[in-house]
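Going letter by letter, the sequence shown gives residues -24 to -1, 1 to 666 in mature numbering (1 follows the signal peptide of the UniProt record, and there is no 0).
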Amino acid sequence: MSSLIGIIAAIVVALLSIAPSAQAVPSPHSIESDLTILLHNDLYGNSSVRSEAAIVLSTPQSQAKAQSSCAAIGEKLWAPGSSTRNKDRLQFLRYLEYDPASPRFEFYRIDSGSPDNCHAISPSGEVQSVDCLAYLPALCTQSAPLSSSSSLDSSEKWQTTVSTGKQQITGYRDKLTFRFEGIRYAAQPERFTYSNLYEGSSSISALSFGPKCVQTGCSGSACSEDCLFLNIWTPYLPLDGHAPQTKLRAVMFWIHGGAFTGGTGADPTFDGGNMGSRGDVVMVTINYRLSTLGFLALNDGKTNGNYGLGDIITALDWVRAHIADFGGDPDRITIFGQSAGAASVRALLASPKAIGKYAAAIPMSNLAGSNYATTYSLYYTIPEEVSVAAEPILNATGCLDPATQLKCLRAYDPYNLTSLSAVARYIVVDGTYIVSKELELNNPGPVANVPVLMGFMRDDGGPFIGYPATTNVSQALNAQSFNATSIVSSGDFQVPQGSNGTLNAYNVTTRVATDSEFRCLDQATAYAAATNALFTDLYFYEFNRSYQMHDWDPNAPVCDAPKTSSHSYGDPSLEYFKCHSGELFFVFGTLYRQGLPSRDDLDIPFSQYALDSWTAFARSYDPNPDHDFLAARGYTNTTNMLLRSGRWESVCEDEPMLRQLQAPISLDVGFREIKQCEALGFPLDYYLTS
């Protein structure tokens, strides 16, 4: 008996020792206030001269309560220190005054430096003495470090818990945002079945990213079939999720690319911290099933493919159900993605299962047209997919008996299945998620009537062709499966007269690849949508400045700015190819976070402008940032670029325009390569006559 009592006592002691640690993780509920991270994020990271940051507690409270609340999150009352003598460095406080979603307070409690006196500061930086018992909102210090792709500190002192549904989800903060990594949105579904929304009841650690979905080149714990996780970055956590909708931030829901065969929502290239912080939005990235595991369809009447697309919609359902508890507005979700992610966005614009679950869309570098690009926008039927992909897979795996082929494929090693020479990577017409062969731009069919921002890189097709081994343009075109005879005879693709013959040939093949696989049908999409008023607004762009991803640089160095004696990292003012994925560092503001150098004085200001345009679209469905927002935040570089560039106009039928995004001035110009697209068989009215 005594031994049993001893065991029980030991258990009680152990539980008591655990309890303080569990209780030590603060939440908006335990602090009795919502939390907002406030700072001037200029994307320069640790090189920024504006390092001030604070955490705003908007619940009015006494001095003693404010001190206790700050201490609960491991901070103390904020003190402006010498910054009061440099009002520019207090510029970030102006947003407290601007924010139309928040109640207007004249003063916020700060540290006075004396236990006998209490001070408060106004959004303009004026400090005055206040009654210590008066109820005022407060500013706490924000001492969490700036994270990077190689340095993340998720230790307990930075952790915060959010209650949502029946779950307690613990994430952490860095200097910029509250981060919640690896949140399950769906339980692992049986292979080749659709995912369902996860509604578990437990305490969840969201301190590290979940595994990638199984893909080529990945094995062990880094990848898994149990991979349906999402990640959230937010500058604002409401008190008990009860914030009025006017205080909730717009949500940006990112769908990664990777040819439907690779990628992850944890890719540091599109870390959401800078976008969430600088743009004042809630960022979400997701994993979805890939390759054969995500897209295989069979002629058995039940294995209908599109499992990866279904995962994306399940993740949308999770976000709509829970994002308000993380400060996001479920009625203001912008879906956006690049490359295969853009193809997913395009598919969601036509999906009856997705329409109504998002408010706006940004497809970036959507593939459409000839060769490799065709199936991203013109979908196979299931019998067509079976012929192209499923039958070779069945032959390679030996799963040939129709009665047992599904069971056989489910038993096949997942890594071997995704590493076969034949894989399924195609969206198909399954009758549920996708009901037509393409986005119906001129015929009756489901199309989401939402604002759209879309476009491409000037030389998007450059990485998708091999660098020629010949100076003969016709041979170079034929080698890439283009019809050299018709292209050359059209006279619309002039050969440059440079001294490097193979580069001249590459120039032509890149132009043809970009036009036939990106530009022509993306411009035709915009033109048809404007003509038929399908979207509430449509903005179009072409990036004419790029920074190629360091870990994906086909045909290097043609997609990189040329290095010179004065620009050791490359001179973007010189001519070079602006290739696929070259916009991602700019849009997400992750150049410095990735440890990459500025090539000139315009790389970071241009990134500020691109990020500000994308997040402005999410907030207001207009890529022209509000001037008052920019002024309150002190975003002078973007303000100056807008003043020089003028207003970005939406696409109209009569004179369709695109914004050529470049530094220091972006310009609205007419749709380009019209004659070339006609020569390639993809005229501007393609979707209106096909």
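Glycine is no exception: its CB is placed at the ideal position from the N, C-alpha and C atoms.
Given residue i as reference, the closest of the options once Cα atoms are compared
| i | options | result |
| --- | --- | --- |
| Ala48 | Leu33, His16, Gly57 | Leu33 |
| Leu122 | Glu551, Phe271, Ser27 | Ser27 |
| Ala100 | Ala291, Tyr443, Gly610, Lys142 | First, the residue type needs correcting, since residue 100 is Ser and not Ala in the sequence shown. Nearest option by C-alpha distance: Gly610. |
| Ser583 | Arg254, Ser179, Cys199 | Arg254 |
| Asp301 | Ile369, Thr665, Thr192, Pro214 | Pro214 |
| Trp624 | Leu514, Ser466, Cys189, Tyr409 | Leu514 |
| Tyr663 | Cys189, Asn418, Gly332 | Asn418 |
| Gly234 | Tyr585, Lys188, Phe593 | Lys188 |
| His16 | Phe605, Gly317, Thr446, Pro632 | Phe605 |
| Ala586 | Arg575, Gly571, Asn613, His603 | Asn613 |
| Trp134 | Thr153, Gln143, Leu173, Ile159 | Thr153 |
| Ser267 | Lys383, Ala398, Gly176 | Ala398 |
| Phe469 | Ser457, Leu453, Asn476 | Leu453 |
| Gly281 | Thr394, Leu343, Asp406, Gly304 | Asp406 |
| Gly50 | Phe156, Ala30, Ala455, Ser412 | Ala30 |
| residue 674 | Ser98, Ser88, Gln67 | For residue 674 there is no data in the structure shown, the boundaries of the chain being -24 and 666. |
| Thr350 | Ala372, Leu396, Arg401 | Arg401 |
| Thr237 | Ala297, Gly477, Thr394 | Thr394 |
| Lys41 | Arg85, Ala273, Arg322 | Arg85 |
| Thr490 | Cys555, Glu551, Ala537, Ala481 | Cys555 |
Alpha-carbon spacing of residue i relative to residue j, whole angstroms
| i | j | result |
| --- | --- | --- |
| Asp598 | Cys375 | 51 Å |
| Ala(-3) | Tyr20 | With a pLDDT of only 42 at Ala(-3), under the threshold of 50, the placement of this residue in the model should not be trusted, and no figure is reported. |
| Glu654 | Ala337 | 28 Å |
| Phe271 | Ala182 | 28 Å |
| Val488 | Pro472 | 14 Å |
| Asp247 | Leu497 | 30 Å |
| Val645 | Phe553 | 19 Å |
| His232 | Gln118 | 31 Å |
| Ile580 | Ser450 | 40 Å |
| Lys333 | Thr446 | 50 Å |
| residue 675 | Tyr568 | Outside the modelled stretch of the chain, which goes from -24 to 666, sits residue 675, for which no answer is possible. |
| Arg648 | Glu73 | 43 Å |
| Ile(-14) | Ile7 | In this predicted model, Ile(-14) has a pLDDT of only 40, less than 50, meaning its place in the structure is not dependable; the value taken from the coordinates is given anyway. If you take the alpha carbons of Ile(-14) and Ile7, they lie about 30 Å apart. |
| Glu631 | Leu429 | 17 Å |
| Ser475 | Pro328 | 54 Å |
| Ser363 | Ser3 | 54 Å |
| Thr210 | Gly304 | 8 Å |
| Asn93 | Asp107 | 8 Å |
| Gly657 | Ala344 | 13 Å |
| Asn371 | Phe440 | 28 Å |
| Ala594 | Ala226 | 6 Å |
| Val299 | Ala608 | Reading off the sequence shown, one finds Ile at residue 299, where the question assumed Val. Computed Cα separation, rounded: 26 Å. |
Residue i - partner residues in DSSP beta bridges
| i | result |
| --- | --- |
| Gly313 | Ile231, Pro339 |
| Val138 | Ile145 |
| Ser412 | The partner list for Ser412 (beta bridge, DSSP) is empty, contrary to what the question assumes. |
| Trp624 | None; Trp624 has no bridge partner. |
| Val32 | Thr12, Leu115 |
| Cys555 | Asp435 |
| Ala326 | In DSSP, Ala326 forms no bridge with anything. |
| Leu634 | Val645 |
| Ala96 | Arg85, Gln104 |
| Tyr212 | Thr12 |
| Thr357 | Val405 |
Expected contact under 8 Å - CB spacing of residue i and residue j to nearest Å
| i | j | result |
| --- | --- | --- |
| Val295 | Val257 | Wrong, their Cβ atoms sit about 13 Å apart, outside the cutoff. |
| Ile358 | Asn275 | 7 Å |
| Glu416 | Ala500 | Incorrect: roughly 14 Å between the Cβ atoms, too far for contact. |
| Ala481 | Asn448 | 7 Å |
| His5 | Ser139 | 6 Å |
Secondary structure of residue i, DSSP reduced to three states
| i | result |
| --- | --- |
| Asn508 | coil |
| Phe236 | coil |
| Arg225 | strand |
| Ala242 | coil |
| Tyr663 | helix |
| Arg603 | In the sequence under discussion, the amino acid at residue 603 is His, which differs from the Arg named in the question. Helix. |
| Ile288 | helix |
| Trp54 | coil |
| Ser(-4) | With a pLDDT of only 42 at Ser(-4), under 50, the local geometry of the prediction cannot be trusted, and no value is derived from it. |
| Leu204 | coil |
| Leu385 | helix |
| Cys653 | helix |
| Ala120 | coil |
| Leu69 | helix |
CB contact check: residue i to chain D, cutoff 8 Å
| i | result |
| --- | --- |
| Asn531 | Absent from the structure: chain D. Only one protein chain is present. |
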